[in-house]
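Peer 1: Quick one: the structure is below, and I'll ask about it shortly.
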Amino acid sequence: MFIRLFVLFFILLSGSLSLTAQGITDCTTCSTTLLKPQDIDTLSVDELRLLTNEIYARKGYKFSNERYQDYFQGFEWYKPLADNSQVKLSTAEEKNVKLLQDRRKAREEERQVILSYFKGLKLLAVNGNNAELKIIFASSPYAEEASIDYLKAVLVRMDFDDVNWYKNNALHRVEVDNGYVKMRYSFSISSGGIALEYNYMAHSDLMEDFGTMFSGYMSEEEYAVWWVFSYENGKVVFKEIGMAG
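Read in order, the letters of the sequence shown correspond to residues -21 to -1, 1 to 224 in mature numbering (1 follows the signal peptide of the UniProt record, and there is no 0).
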């Protein structure tokens, strides 16, 4: 049951928004060819930073960051200079560096806008402001069925200062096993959108076999609720509520 809910959740989430195209993967021609905004539009903060550093690496820049230094030493073309002051960028490279840095700054600001929005939702939940939360989600046909209590249960458990990223994906997840049921509360960002999830997902690991007189657990009780958002025109927009189980 849990696997079905999990797969269905991500199928629906992925279908809520169109997937973005893959951007460039290296800066082989950045010394002579100007990058265009559409070349880097889908890239993450870390990918943009790596491309910026690659431009410098191709000119012989020696990195104090050990991870970057080790990474570029894996390429035959990397010939570090003894003195970084000798590194000189071409006009095209300087323009490409600025474009990459500007886009990275915009990406970082997007992240802050998203996290600030959800910190605001959490504050409403913590303060018990049910009326305002209901207004935000009133447009969904599942607004009543997906109890505001489920949403609050997710929000109060999320630490939006401890959301971590891998490329354009982000996650903060809390799993609770109370000896009866395993529940998952999560906040995630992916190419499919932004989501909060409440998942009453499986029987406790404590149970050897829940189909006995020693437990009243029934798999039919399993269900999941998720709230999907998108980032549009500089703000977070609520899209839909999904349910399964």
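Every residue gets a Cβ at the ideal spot worked out from N, C-alpha and C, and that includes glycine.
This structure is a prediction, so every number in the text was calculated from the model and none was measured.
(1) Can you tell me whether DSSP reads I3 as helix, strand or coil?
(2) Have a look at Y202 and G158 and give me their C-alpha separation to the nearest angstrom.
(3) With distances taken Cα to Cα, identify the nearest neighbour of C9 among N109, N32, Y210 and V215.
(4) Quick check on L(-3): does DSSP put it in helix, strand or coil?
(5) Taking the alpha-carbon of A85 as reference, which of E123, I19 and A36 has the nearest alpha-carbon?
(6) Could you say which of K58, L130, K77 and L27 lies nearest to A104 if we only look at CA atoms?
(7) Where does A85 sit, in a helix, a strand or coil, going by DSSP?
(8) Per DSSP, what kind of secondary structure is Y121 in: helix, strand or coil?
(9) Which partner residues of G172 appear in the DSSP bridge assignment?
(10) Using CA atoms only, rank isn't needed, just tell me which of L112, F166 and V92 is closest to E154.
(11) Below 8 Å on the Cβ atoms is my contact criterion, and I expect Y210 with I115 to pass it. Report the Cβ-Cβ distance as a whole number of Å.
(12) Please report the straight-line C-alpha distance between K77 and N63, rounded to a whole angstrom.
(13) When DSSP builds the beta bridges, which residues end up paired with F116?
(14) Figure out for me which residue from I127, V135, T11 and P59 has the closest Cα to the Cα of K101.
(15) Going by DSSP, what residue range makes up the alpha helix (DSSP H) through N32?
(16) Pull the bridge partners of N143 from the DSSP assignment, please.
(17) Taking all protein chains shown into account, do 16 or more other C-beta atoms lie within 10 angstroms of the C-beta of V216, making it buried, or fewer, making it exposed?
(18) Which stretch, first to last residue, makes up the alpha helix (DSSP H) that contains V215?
(19) Assign Y202 to one of three DSSP states: helix, strand, or coil.
(20) Taking just the CA atoms, how far does T11 sit from residue 228?
Peer 2: Reading it off the structure:
(1) coil
(2) 18 Å
(3) N32
(4) Residue placement at L(-3) is flagged as unreliable, the pLDDT there being 32, under the threshold of 50; the coordinate-derived value follows with that caveat. Correct three-state label for L(-3): coil.
(5) I19
(6) By alpha-carbon distance to A104, the top candidate from K58, L130, K77 and L27 is L130.
(7) helix
(8) coil
(9) S169
(10) F166
(11) 16 Å between Cβ atoms; not a contact.
(12) CA-CA distance, K77 to N63, rounds to 19 Å.
(13) F116 is not bridged to any residue.
(14) Among I127, V135, T11 and P59, the Cα nearest to that of K101 is on V135.
(15) V24 to A36
(16) L150
(17) exposed
(18) Here V215 belongs to no alpha helix (DSSP H); instead the beta strand (DSSP E) covers K214 to A223.
(19) strand
(20) Because the chain in this structure spans residues -21 to 224, residue 228 falls outside the shown range and cannot be described.
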